[in-house]
Amino acid sequence: NAGVTQTPKFQVLKTGQSMTLQCAQDMNHEYMSWYRQDPGMGLRLIHYSVGAGITDQGEVPNGYNVSRSTTEDFPLRLLSAAPSQTSVYFCASRGVPDTQYFGPGTRLTVL
Amino acid sequence: DAKTTQPTSMDCAEGRAANLPCNHSTISGNEYVYWYRQIHSQGPQYIIHGLKNNETNEMASLIITEDRKSSTLILPHATLRDTAVYYCIVRVHWVDNFNKFYFGSGTKLNVKP
C-alpha cells in the first residue's frame, strides 16, 4: 500500500513550457485534491475531484488544468508555465473519516 | 482567509509536553478543527481532529474550549522528531459533498535537547 505517490519530485521549466504533474493513490479514495505551497505559507487549493469524471476549481485554479479518468489518478497540467507558478505542489486523497493523505510533493521552478 | 491564528514559532524541551494554541474565533457550529504537521517540507501528516469534545489518539490530545473559539494541541512527551510546522485547520463545507481545509501559516515547533 503506497498511499499517495507523486512524480516527478523536482522539475525545472522555462516560461511558456507545459508539463503534467502526476498523482496516484491506491486507497480507492473518491476525493482527491491539488494544493500549492509557497515559501512560508500554508497550502492553497488549486483543483479537486469528488470522483472519476468530476472535477472542480479551488481557490487558485488559473493556469492549471485537471482531469480524472480513473479513481487512482489525478494529474495536474500546467498549460503555459510562468515564474509565479514556482512552488511546491502537493496532491492529496481523502478517506473516511474526512482525513486527507498527502503525497511527498513536487518542487517546481519556472525560470 | 485562513480562519485560524497561530503563533509563528514555539520552543519546547525534549521530554516535556508541547502545548500549541490556536484561535478560530469565527468557527461555525458544524465546522471541525484539524491538526496536521509538516516535517522538512514533506507532505503534511494528519494528527488529530475534533468538533466539540476533547480528543486523544496515539500521537496527541486536542482540547477545544467550550465556546469552540480556540483549541490546543498537546504532544505529551515531545521528541526531537516532533520538530515540524504544525497547522491548525478549520474544515468548512464548500460545495456539494466537498469540504475545504483552510490552511494558515502554522506554528514552527522547535524541540530542543
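Protein chains in written order, with the working numbering: chain E, 1 to 111; chain V, 112 to 224. Glycine included, every Cβ here is placed at the ideal spot set by N, Cα and C. A quick note: this is a predicted structure, and the numbers were derived from the prediction, not measured.
Taking the Cα of K114 (chain V) as reference, the smallest distance to any Cα among V:E166, V:R127, V:T218, V:F214 is reached at V:F214. Taking a Cβ-Cβ cut-off of 7 Å, the neighbours of D207 (chain V) in chain E comprise V50, given in sequence order. Judged by their CB atoms, L220 (chain V) and Y197 (chain V) are nearer to each other than the 8 Å cut-off. The Cβ atoms of G103 (chain E) and S152 (chain V) lie no closer than 8 Å to each other. Near chain E, meaning a CB-to-CB distance below 8 Å, the residues of the stretch 157–173 of chain V are Y157, H160. Beta-bridge pairing by DSSP links L191 (chain V) to no other residue.
In the DSSP assignment, L43 (chain E) is bridged to E:Q37. Leaving aside the five residues that flank S136 (chain V) on each side, the residues in its chain whose CB is nearer than 6 Å to its CB run, in chain order, K180. The three-state reading of DSSP puts Q22 (chain E) in strand, counting E and B together. Segment contact: the stretch 43–57 of chain E against the stretch 71–83 of chain E, three or more CB-CB distances shorter than 8 Å; contact assigned.
Residue contact with chain E for Q153 (chain V): present (Cβ-Cβ distance below 8 Å to some residue of chain E). No Cβ of chain V is located within less than 8 Å of the beta carbon of Y64 (chain E). Residue-level contact by beta carbon holds for D56 (chain E) and chain V, with a gap shorter than 8 Å.
Listed along the chain, the chain V residues whose CB falls inside 7 Å of the CB of F90 (chain E) are G154.
Here R68 (chain E) is buried: its Cβ has 16 or more other Cβ atoms, across all protein chains shown, within 10 Å.
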